Structure formats: C-alpha cells, structure tokens
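Chains as they are written, first to last, in the working numbering: chain R, 28 to 346; chain X, 269 to 770; chain U, 209 to 548. Have a look at the structure below, then the notes.
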Amino acid sequence: MNRVLTLFQRWPFAFALLLALVLLVLNLAISPSFLSPARLPGTLATLAPFVLVGFASTPSLLAGGIDISVGPLATFINCFFVAVLIPAGLGDWQLAAPIVLAVAAGVGALNGILIAVVRLHPVVATTGMLFLLVGLSLTIAQNPVAAPDNWTEVFAGGVGFLPGALITIGAAGLLWFSLRRTAFVSNLLATGESDVSAYGSGVNVMAVRILAYTLGGLFAGIAGIALTAIVQSSQSSLATTYALLGLAAAVLGGTSLAGGRGGLLGALFGAVSIYLLQQLLTASGVAPSLIQFAYGAVLVVGVVLGATLLAPRLKRSAS
Amino acid sequence: MNNQPTGLVLSGVSKRFGATRALIDGDLHLRPGEIHTLLGENGSGKSTLVKIMGGVHRPDSGTVTLDGVPVASRSPRAAMDLGIATVFQEVLTAGSQSVLENVWLGSHGIFRRAMPRAEQRTIAREVLTRIAGDMPLDLPAGQLSLSERQSLCIARALVRKPKVLILDESTASLDVGSRDRLFVEMRRLAAEGTAILFISHRMDEVAEISDRVTVLRSGRTVSAVERAELSIDRLITDMTGNPDHDATRRQPHEPGEKILQGTALGLAAGSAPIDFELRSGEIVGLAGLEGHGQDLFIKRLAGLAPGPGRVERVLARGPEEVSERNGNTLGVAYLPRERRGESLFESMSIRENFALPTLHMHRRAGLLDSASIAKRFEAFAHLLSLRFGTAHDAISTLSGGNQQKVLLARWLATDPQVLLLNDPTRGVDIGTKREIYAILDRLSATGMGIVVLSSEVDELVDLADRVLVFRDQAVFAEIAHSGLSTESVVAAYFGQKSEVLS
Amino acid sequence: MTSETLSPAPAPAVRISRPWARFRAWALEVPLLQVLVVLALAAWLVTAIPAIANPRSVTSILVITSLLALAAMGQTLVVILGGLDLAAPGYILFGAFMAANVAGKLAVPPAVAVLGTVLVCGGIGALIGWICHRFSVQPLVVTLGTGAALTGATLFLADGDYSSAPPQALRSLASLRGTTFGMPFPPIIMIVLLCGVGMWIFLNRTAAGRRFHATGVNFRAARLTRIRTSVVWTLVFAASGALAGIAGIFIAAYGSGWSQTIGEPYLFSGLAAVLVGGTIFGSIRGSYTRTLLGALTLTLLSTIIVSNGLSEAQSRIIFGIIILAVVSLYGRERHVRDRF
Chain R
28 MNRVLTLFQR
38 WPFAFALLLA
48 LVLLVLNLAI
58 SPSFLSPARL
68 PGTLATLAPF
78 VLVGFASTPS
88 LLAGGIDISV
98 GPLATFINCF
108 FVAVLIPAGL
118 GDWQLAAPIV
128 LAVAAGVGAL
138 NGILIAVVRL
148 HPVVATTGML
158 FLLVGLSLTI
168 AQNPVAAPDN
178 WTEVFAGGVG
188 FLPGALITIG
198 AAGLLWFSLR
208 RTAFVSNLLA
218 TGESDVSAYG
228 SGVNVMAVRI
238 LAYTLGGLFA
248 GIAGIALTAI
258 VQSSQSSLAT
268 TYALLGLAAA
278 VLGGTSLAGG
288 RGGLLGALFG
298 AVSIYLLQQL
308 LTASGVAPSL
318 IQFAYGAVLV
328 VGVVLGATLL
338 APRLKRSAS
Chain X
269 MNNQPTGLVL
279 SGVSKRFGAT
289 RALIDGDLHL
299 RPGEIHTLLG
309 ENGSGKSTLV
319 KIMGGVHRPD
329 SGTVTLDGVP
339 VASRSPRAAM
349 DLGIATVFQE
359 VLTAGSQSVL
369 ENVWLGSHGI
379 FRRAMPRAEQ
389 RTIAREVLTR
399 IAGDMPLDLP
409 AGQLSLSERQ
419 SLCIARALVR
429 KPKVLILDES
439 TASLDVGSRD
449 RLFVEMRRLA
459 AEGTAILFIS
469 HRMDEVAEIS
479 DRVTVLRSGR
489 TVSAVERAEL
499 SIDRLITDMT
509 GNPDHDATRR
519 QPHEPGEKIL
529 QGTALGLAAG
539 SAPIDFELRS
549 GEIVGLAGLE
559 GHGQDLFIKR
569 LAGLAPGPGR
579 VERVLARGPE
589 EVSERNGNTL
599 GVAYLPRERR
609 GESLFESMSI
619 RENFALPTLH
629 MHRRAGLLDS
639 ASIAKRFEAF
649 AHLLSLRFGT
659 AHDAISTLSG
669 GNQQKVLLAR
679 WLATDPQVLL
689 LNDPTRGVDI
699 GTKREIYAIL
709 DRLSATGMGI
719 VVLSSEVDEL
729 VDLADRVLVF
739 RDQAVFAEIA
749 HSGLSTESVV
759 AAYFGQKSEV
769 LS
Chain U
209 MTSETLSPAP
219 APAVRISRPW
229 ARFRAWALEV
239 PLLQVLVVLA
249 LAAWLVTAIP
259 AIANPRSVTS
269 ILVITSLLAL
279 AAMGQTLVVI
289 LGGLDLAAPG
299 YILFGAFMAA
309 NVAGKLAVPP
319 AVAVLGTVLV
329 CGGIGALIGW
339 ICHRFSVQPL
349 VVTLGTGAAL
359 TGATLFLADG
369 DYSSAPPQAL
379 RSLASLRGTT
389 FGMPFPPIIM
399 IVLLCGVGMW
409 IFLNRTAAGR
419 RFHATGVNFR
429 AARLTRIRTS
439 VVWTLVFAAS
449 GALAGIAGIF
459 IAAYGSGWSQ
469 TIGEPYLFSG
479 LAAVLVGGTI
489 FGSIRGSYTR
499 TLLGALTLTL
509 LSTIIVSNGL
519 SEAQSRIIFG
529 IIILAVVSLY
539 GRERHVRDRF
C-alpha cells in the first residue's frame, strides 16, 4: 500500500491514469465496440479539444498562475477561422494554420504581458481576456456559421491508419517534449514553485511567464482547430462549456494550482478521464443532469485525494 | 588608491524607498582575493547595499564599478553575467525540484542549458561535497533541512565561478559543521582571487574569517577596518555608535510557582521523552543546532504541534492541557519565528496588527471600540518605546526591530503568564536586541515565565536562568545558571558535557 | 518589502513632492474613483437619452444592479479571503429552482423555500470551505466541481420542468412595479442597500470582520494569531453559498421564471463587479461598498452600450477592457524584486 502511495506521489498524473484505465475498462464492458478501428478516429476527434484545452491550461498553472481564458480562446479561434478566414479566402491550410496559431499565441502572449509586465493578478487578467474573447466571438459569429469543406476535416477522420486527432494532440505533445529537453521547463517549474527563488537565482522570470502563457495560447489555438474539425461550423456558444473544462482536466491530472508541479501527461489523462466518464454514463443511459453531477463529484474527490493522500510529503519551504 | 581600481567598488551610492533613505552615500571597496565583512545593525543599509550589488535594486545615485567598468545591472541575472554571484538572506530553493536542478537554477538561458547534464552532475556533486558533505542529487530540495538548503543556495553561487561572491547572512541557517566547511571553501576561493563579501550577525564568525571589515550605520559607511586593527569592541562601538558596551549578564529572579508543565513529550519516534517545568519569573533558554528538535519543542509547549505527551498549564484550579485554541484563555503566548510569513499582516496598519488577538477586549455593543484600542496601543507603545510615524501606517513601513516590538506588544497585550519566544531577535539590530532583553527581564521580574529559543549562544548566556540544549530530537543537557557560558552551550551542541554539568 | 533595511527618515518633503503617489494611495483607500465613474456614466446616459430620466427606467436600472450586486456579495467575501467561488451558477440555479418549482409549482410557502435555499446552499458552501481548509486545496477547483454537481442535481430534481414561475409573493419583491412600505420601488433595492450597510459595519467595525480580513491577508499568521481560520473559511463559503442562493430566488422572481443556464451570466459578471469595484484577492482593501459601485458601473455601462445600438457582444468586449483598465490602476501585484 505504501509503495502504491509513493508511486502516486512520485508521479502526479498516476491517479488520473488509473482513473482513465478503470473508466476505459468499464466503457469496454458496456460497449465492447468502444475501441473498434471504425469508431476510434471519431472518438479521438471528440476527445481532442478536451485534451488540448487541458494542455493549454497547464503551462500557466505550472508557472504559478492560471489562465481561465483558454477555453474561450479555442472557441474564438474556431469562430475566427470559420467566420473570418474562410470567407476572406484565407482558408487554405498553408495560410490559415499559421495565422490561426499566431493569433492564438499572440492572445496568450498578451495575457502573459498583462500578468508578468503589467503585473495583474492572473485570474483578473484572464477574466478580462475571457470577456474580450467571448465578446469578439459573438461579434464575429453570433449564430453558428456552417463551414464549407476545408482541411480541418482531416483531424476529425484520419490519414491512412493514423487517426487525425493524434496529429493535433501529437503536435502539442511533441512541442512540449522538445521543450522538456531544453532548460525552459525547469525554469518554468522553478518559477511556478517560487518566483522569488527563481528571480534571485537568475531566472528571467518575466520572460518565462510570458512564454508560459504564449505556449498556453498556442495549445488553445490547436484546440480551436481540433474543435473546428468536429463541429465544422462556428460555435461561439461553446465558450462557457470549455472555459473551465481545461482547468478541471489539468488539475484532475495532478497539476498543482499552486504552481511548479505537474505536466502535460496529467492534463491528457485528466481530460481522458472526464471524457470517458461522460461516455460511460451516456452509454449506460444515465440522465445528462446526473452526468454533470458525477463530473463535479469526481473533480472534487480527485482534487481532495490529490492534495492529501497523493501529495508528496515536502517540508514547508522557508522561502 | 590606484588609478585603475580592481574588484568591486561602490562609491557614494544612495537608495531611497518612498520616504525612507535606506542608504546614504555608501562606500565599499571589495578587492579580489579578500574576505571582506560588511557589518551593521538592522536598518543600517546592509541588505540594500547587497541588493544593489546583486542587481535587485538600482542605486538612485552613486557609481558601482567592477574592475573599473561601470556596472548597471537591472536584475540578479545581469549581475551574475558580470560575475557577481549573490547568496541572498532568504533561503531560495524550489522545493519540489531536485537538488541538481536547484544547484543549476538560473545558470541556464531560457531554453539553452548551461552544459550537458552529466557535466552538471559532476560539478554539482563536487561543489556540494566541499561545502555540505554528501547530498543526494535527485532528492527534492524540499526534503532537505534548512541548513542543507542554505548550502544548496551557496553551491548555486559557487558553480558559476564568480569573480565576486556575496554571502548575505548565509551562515544564519547553517549548522556549525557546514559553516566550518564553508569557511574553508571561502579561504580557498579567496586564495584563488575571488572577492568575497561576507555578512553575519555573529561576531565570532566575523572575527574568525574577515580580512577587512566595513561598518555601516544608519545608511552610511562609518569605517573600514583592516584585520590587524580588528577588535570586537571597536566594531560594536562603530555599529551602535554607543561606546559603553558591557554585556551584563542578567541575574535571575527567585522563581515562583510552577506555571507550565510538559510530561513525556516525544519529539520524534524513538527519541527520549522530555519532562519540562516552567516556574513563574523564570527565563528558560532553548538551544541546539538547526533541526535538532528545539523548534518543535517550543511549538509543542505552545500547543501548536501534535505529538506524544501532554503540555499543561498549571493553574490554581488545577492543570489544563494547552491546545491550539485555548492559548489566550490560559495565558500562553507564542511569538513565531518567521516574522513575515507567520506574524505580520503586511498591508494592515501597525495598530491593527497589534490588536488582532485582543479584539475581544475592545467591544462595545458588539462593535469595535477604536478609541479603546488606540489607548491600549499607546500604553504598550510607550512601554516598549516603539518608534513609528502614526499608528495608521502600514506595518511594513517599520524596520525589522520595530516590527518585532509591535509583535511582542501584540502578545503582551493578551496578558500572558507564559511567554514563548521563537528566536525573537532574529534579524533584529543590536540596539533593539538590548531593549528586548531589558523588557524580558522586567517581565520576568513581574512573575512571567518566559521560554526563549535562540540561535545565538551569547543571547542565551546573557538572558537565561537555565538552558536546555537539544540534540537529536531530545534534551541533551540542561545547563544551570552557574554553569552557563558560551563554551558550555557550544560543547553541548556537539554532544560533549563539560564537568560542570554532571 | 525589505525586511530590515528601512530606517525612518525625516522626509515629509518627499511625500509632497510626489502628488501622484499620494493621490494614488488615497484613491486606493477610498473608492472615490468608482463614484466619479458612476456619476460620469449616469451623466452620459442622461445626456444621450434624456428620456431615460424617468422613475420607471431608473428603478429598472437599480433593480438590475441590485440583482448583480446580490449575486456578487458572496463572491466579494470569497475574493477578500483570497479565493474564487465558481459554484455561484449552481447556487443561483438552485435558488431559482426553489423559487419557481418548489415555491411556485408545489406551492410551498415562500419563507420555507427561502429557508430551504439558505440551508442547502449554505450547507454546501460550508462543506466547501471546510474541505478547502482541512485539506488545504485551492477553492477554485473544489467550487468548480461542487458547482457542476449542484447544477446537475438541481436539473435532475427539476426533471425537465422549466416553465414554472415563482409565486406572486416572491415576484413582488423584485418586480418593477413593487413598492417598499408605500415607496415606489421594489423591496430588493432596499434589501441590497441594507446588506451594503450591514457588510460595511461587519467589515469595518466588528472583531469578526477584522479577523476575516486578517485571514485573507496572511493565512498562516492568522492561525498563529489564534484566529480560528477553519471557522472563518467555513462561514465565508457558507455565506457565499447562501447569498448566491438567495440571489437566485430574486433573479427568478425578477424574470418570472427560470432556465437551465440562469446562473451562468452571473458568475463572470459578478466577478467583474467585484473586480471593477476594486476588491483584490486577499487584500485589506476589499469591501462590499466597492462591489455595489462596480455593479452599478457595469449596469450603467451596458445600458449605454445597448442604447447606442451596440450588441450584447460588444458590451462584453468593453467589460473586458474595463476590468483590465481598472485593475491595472488598482490591483497591480508587487514586482518580484519587492518581495525579496
């Protein structure tokens, strides 16, 4: 038992991983075709926006801040692509993908600047940004605009044997993985753990923070593409749904709200757990209202478990 | 002076924070190859000077040059790139990062690593072995003791091979073994030509290690003394500006009745249980190397930490167990160690900070009676000769010593019979320290029982009626007033009982 | 703040030479700026649409403000404590459900429905506060989860019935035609004003209010100052829940009905009212007076925006900009340098 606990404490995402595995088994028990090759690309495509919004919430949390505008940013990117870029004839992937990602990273960078340079409280700055983004999405596309055929459809289906969703999730994962090989993630974790320590040791805290939010914005941009892939229309109304979902996924995956602990794998398993829970309950014919209840309950239990049983016993740092 | 001075030279440096002039025309010349001590009371401008050198603050006026080249660092990072490495007063570690990551923290670029990981390991191990002994490189830094974390911070500065090394009270949290190793390392580095600026509140350390001493007082440089002319009396005179220094030892008062009693207190699994008695009018000192249990012990006495055994307040109506809640009603007051983290409400005013635990005394018809709070505060401000602008100012505008006095007043206002002080003069200047000693003496004369945990041996020798020395989570020796001396306490630190004790 | 480098200096001259700093310090103490903004917006509104200066429209603006202020009341407390209560939509939904389905359809006496709301929402809030304190977890996610669970449970209880309306007794409290002791405005305005006065007294003139502020400013020190922080947290989150639940009753009463998403706009708008008012996380400067002014600012602003023919969407954009602008003035965090 103690060894299991140590394992959980060593790997913050272990709880979410275990939860995801249990839910997967239950899902397979209820509908054995759940993972069949025919359904898999579709399943993964529905999952991808969840996962990516979870990814997008992670870097800012690790930096000791929070970004509650990543969900609305993803829906804004969706509206921007469908209702602005495509009608303007900029819908080709060579043009649209860089533009969309640059805009998303730019919004993230703006958040970062507001927080690191103007020194606003992260919740405040990103709440302001949330209002801006929701307002902009509604201005661009008050009602859903259907998208014509476009390149994002790939991510809802697949390329050969490869489910398209793996490309979006994989791109974000690969980016993070390569960043882990640089000093950036160490700097990020140290900044999140104690910005005073990091600053005093010579870390450029300001740049690290701005980059963290920029990275979050970039991931949100990819999430926007993944979202477009499955809805194939502009869905400004989804902003509120996604606003806090990414945060829930990241935190359920063991990323600490206090900063400095966690990672992208946690967000992945957290998002998968939430998604599988919904699938499971839907498949077993439970009322949608109770699914929401279960989601809330799992979140609370997960966070409390993460903070107590599964947290590493660290001495309180003096700094 | 040569026309091309080498080393770090600060001349006429001034810095102002709001209405406060922290540093006025500060001068300092740090030569390569010397260990230079910077001395001064709290509020003398030492830390400001260090932060200017370390790149945290920029001076309002004056010049800073390194080997003749003007220095204009905007951040600790910029200062480090110039070869100035600072170990700041606070122990700055990232707790869930590994020791290795912590040693190299800040040496990297935003993306680029300073060097391959294998090389990082080798260098980190080598430096840590020299100053702290063996330390597992992959352990999260949060699991280390305070002393080890401090060594880690020093190692972080050393791996950069700085031209100028600044150690701001770095020995305050070090245990004696690590401190000795640090001194060896400092001498080695100085011999290789590194300029070292050393800051400490401990005169024995200053006397042992310094090649030269610069003294600051009230934000101005008062004197720079060569080793040959060094004398502790002179330094203290320079620092305090007060020539009559005689550290009189306090004479104990006749102790009264037993007021606090601890029975079979265990500080760690398997450690010897401790029985403890405090009588009224007594001042009991707690001593020990960092992390040997004295800190937990005083928290146990305050009812703030759980564990085996009982702590009881002995009252006329019989003993009553002390818990986290009932301290006020039982007359047990505890002054925590970390002023900023555990005591101060920085954005609140001086008076609000003072009144918090005693608010219930100032209620009229359910509402707070601010006139009565003000009156009570005035009384205590007078008693402790507090110096402040107005009672409405934020407490953060006060100097460390004055903040500590406000906090002492906070707890004295609860009218305690038992006063538990956890390192009450930590980071407090000598002048205020003496005032606090005098206050404690007066309080004990009125029958208050006082327990003082202190990291300064001299303080305990001056102040305490008897001293408990902790070692390995148990009381190793209890030294009575007659046997109390710096030597006997330090000997007990290291597990040796002198004959006087047995 | 540097802990030990400061020595007092005889420098009143310095203070006078920095009028801006003094003005800023003063503006931070007193929400004068917010009052000026409200007056300016009101003046703008009246100049732009003179017709709006009639009792009916003014009452309408005040009622909408009151609803927002009521919904933001608990949030104000939680923000002062240094947290964020994302369960507000859940509480509001539950309150609306109690008003419409329980008091309305089942004809339970309104007083019982109100009491039930206070007990359920307050109880859930208390549980959140206790959990957050006991296990030292951030309230953000716990309230998020609890809010979702409460929303789910309420919708399950409602069983698809969103067509009931609150009884007349409740509706008259927030109806535009309502009267308060014969005066021509609905009781809700009076209730919110009284709440404002009560909160001011609580925060500024009571020992409990002082302890509450202290807990927000420095949690660890508050504990060591023998403040029972677990009680503070439990009560504050309970109050936040109960108040949001009551706000839900009034919101349903005002709208004469409810829907599944009735609470959602109030989460971020309520937070916006708190922030625009100038209450900052874990700060001594937080107060409900500020939130009232913030709610009035936002209501006036959206009235102006809508009356200028702009859409709801554009008003959101302007809200966002205003939050950022106000908070840049007020709530800037300290540079890492100054936390050394």
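Beta carbons are placed, not taken as given, at the ideal position from N, Cα and C, and that holds for glycine. Just so it is clear, the structure is predicted and the values come from calculations on it, not from any experiment.
Asked, Found
"Residue environment, residue 120 (chain R), which counts as buried when at least 16 other CB atoms sit within 10 Å", "exposed"
"Rounded distance between the beta-carbons of residue 360 (chain X) and residue 224 (chain R), thought under 8 angstroms", "4 angstroms"
"Straight-line Cα distance separating residue 398 (chain X) from residue 450 (chain X)", "8 angstroms"
"Amino acids of chain X, ordered along the chain, whose beta-carbon sits closer than 7 angstroms to that of residue 214 (chain R)", "376, 378"
"Under 8 angstroms between C-beta atoms of residue 53 (chain R) and residue 536 (chain U)", "no"
"Contact set for residue 564 (chain X): own chain, Cβ-Cβ below 7 angstroms, skip 5 residues either direction", "535, 573"
"Interface residues of chain R facing residue 431 (chain U) [CB-CB closer than 9 angstroms]", "Per Cβ cutoff of 9 angstroms: no residues; residue 431 (chain U) is ~13 angstroms from chain R at best."
"Expected contact under 8 angstroms - CB spacing of residue 416 (chain X) and residue 403 (chain X) to nearest Å", "6 angstroms"
"Pick from U:459, U:421, U:347 that is closest to residue 396 (chain U), judged by C-alpha positions", "U:459"
"Paired residues, beta bridge with residue 105 (chain R) - DSSP", "According to DSSP, which records beta bridges pairwise, residue 105 (chain R) is partnered with nothing at all."
"Reference residue 366 (chain X), options X:407, X:711, X:335, closest by Cα", "X:407"
"Interfacial residues, the region 276–288 of chain U to chain X, with Cβ spacing under 8 angstroms", "none"
"Euclidean distance between Cα positions of residue 271 (chain R) and residue 95 (chain R)", "7 angstroms"
"Inter-residue spacing [alpha-carbon to alpha-carbon] between residue 98 (chain R) and residue 87 (chain R)", "13 angstroms"
"Per-residue contacts from residue 220 (chain R) into chain X (C-beta, under 7 angstroms)", "362, 363, 364, 365"
"Backbone CA spacing between residue 214 (chain R) and residue 241 (chain R) [nearest angstrom]", "15 angstroms"
"Simplified DSSP assignment, three categories, for residue 345 (chain R)", "At residue 345 (chain R) the pLDDT is 31, less than 50, meaning the model places this residue with poor confidence and gives no usable figure here."
"Where residue 605 (chain X) falls: helix, strand or coil (DSSP)", "coil"
"Close beta carbons around residue 379 (chain U), own chain, < 7 angstroms, minus the five adjacent residues each side", "461, 464"
"Under 8 angstroms from the C-beta of residue 357 (chain U): neighbouring residues of chain X", "Within 8 angstroms Cβ-Cβ: nothing; residue 357 (chain U) doesn't reach chain X, min ~30 angstroms."
"CB contact check: residue 226 (chain R) to chain X, cutoff 8 angstroms", "yes"
"Straight-line Cα distance separating residue 243 (chain R) from residue 697 (chain X)", "47 angstroms"
"Pair within 8 angstroms by beta-carbon distance, residue 259 (chain R) and residue 173 (chain R)", "yes"
"Within chain R, partners of residue 242 (chain U) - CB distance below 9 angstroms", "The contacting residues do not exist; residue 242 (chain U) stays about 16 angstroms from chain R at best."
"Burial state of residue 589 (chain X) (16 or more Cβ within 10 Å)", "exposed"
"Minimum Cβ-Cβ distance from residue 690 (chain X) to chain U less than 8 angstroms", "no"
"Chain X contact residues for residue 434 (chain U), given Cβ-Cβ distances below 7 angstroms", "595, 596, 625"
"Contacts around residue 430 (chain X), its chain only, beta-carbon distance under 8 angstroms, and the 5 residues preceding and following it disregarded", "348, 351, 352, 353, 462"
"Cross-chain neighbours of residue 288 (chain R) in chain X, by beta carbon under 8 angstroms", "364"
"Three-pair Cβ contact test at 8 angstroms for the region 646–666 of chain X versus the region 686–694 of chain X", "no"
"Cβ separation of residue 293 (chain R) and residue 280 (chain R), assumed to be a contact under 8 angstroms, to the nearest whole Å", "3 angstroms"
"CB contact flag (residue 336 (chain U), residue 489 (chain U), <8 angstroms)", "no"
"Residues that residue 491 (chain U) contacts on chain X, provided the C-beta gap is smaller than 7 angstroms", "615"
"Local conformation of residue 164 (chain R) per DSSP, three classes", "helix"
"Cβ pair count under 8 angstroms reaching 3, the region 298–308 of chain X against the region 477–488 of chain X", "yes"
"For residue 616 (chain X), the three-state DSSP class (helix, strand or coil)", "coil"
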